[in-house]
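Below: the structure, in structure tokens.
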Amino acid sequence: MRARPETMIFHGAVVILLGLLAGFPYALVVTGSLAGSERAWRMAHLEGVLNGLLVIVVAAVWDRLALDGWKRDVLAWSLVLMAYGNVVASVIGATFAVRGLEPGGSPSNTLVYLLFMMAVVGIVVGIGLVAEGAWKRRRSGTS
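Residue numbers (numbering that gives the first Met the number 0): 0 to 142.
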């Protein structure tokens, strides 16, 4: 599937909405109405908002990046998968009181670990391609 900025904006907005929804249990934990880790729910809330914003920001500078078609596809989908991976992993982690720092333990911990690892690969690849595209654009002298 060809990546387009509109697709990235859509997925970025969905990830932001997921982060906003994670704000409800966060508020309940802060007020003591729900048992859980305040830190974990704050992270889940912020992961969605910040990761979604990052995807939208890259979509906004899409035309400023000098990348070939296949690299644009890899850039877009690596950031979209990163954003979903981070927000879903954070919500699962907060829900089941796991951190996913290493594989093993409960199935939910292993799932969180795998989602975070997917996100790590996505952000490294994605931001690497943003840097490459900006560098090539700068070197070409076009503005």
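No residue lacks a Cβ here, since even glycine has one placed at the ideal position from N, Cα and C.
Considering just the uninterrupted stretch of the alpha helix (DSSP H) at residue i, what are its terminal residues?
i, result
"residue 128", "106-139"
"residue 5", "4-29"
"residue 54", "37-59"
To the nearest angstrom, how far is it from the Cα of residue i to the Cα of residue j?
i, j, result
"residue 2", "residue 46", "23 Å"
"residue 101", "residue 112", "6 Å"
"residue 67", "residue 56", "19 Å"
"residue 120", "residue 98", "18 Å"
"residue 8", "residue 82", "12 Å"
"residue 61", "residue 24", "35 Å"
Is the distance from the Cβ of residue i to the Cβ of residue j below 7 Å?
i, j, result
"residue 87", "residue 53", "no"
"residue 125", "residue 78", "yes"
"residue 44", "residue 22", "yes"
"residue 39", "residue 104", "no"
"residue 28", "residue 35", "yes"
"residue 118", "residue 84", "yes"
With a cut-off of 8 Å on the beta carbons, I'd call residue i and residue j a contact; round off their distance for me.
i, j, result
"residue 128", "residue 49", "Contact doesn't hold; Cβ gap of about 19 Å is too wide."
"residue 14", "residue 51", "4 Å"
Give me the residue from the options with the minimum Cα distance to residue i.
i, options, result
"residue 95", "60, 25, 107", "107"
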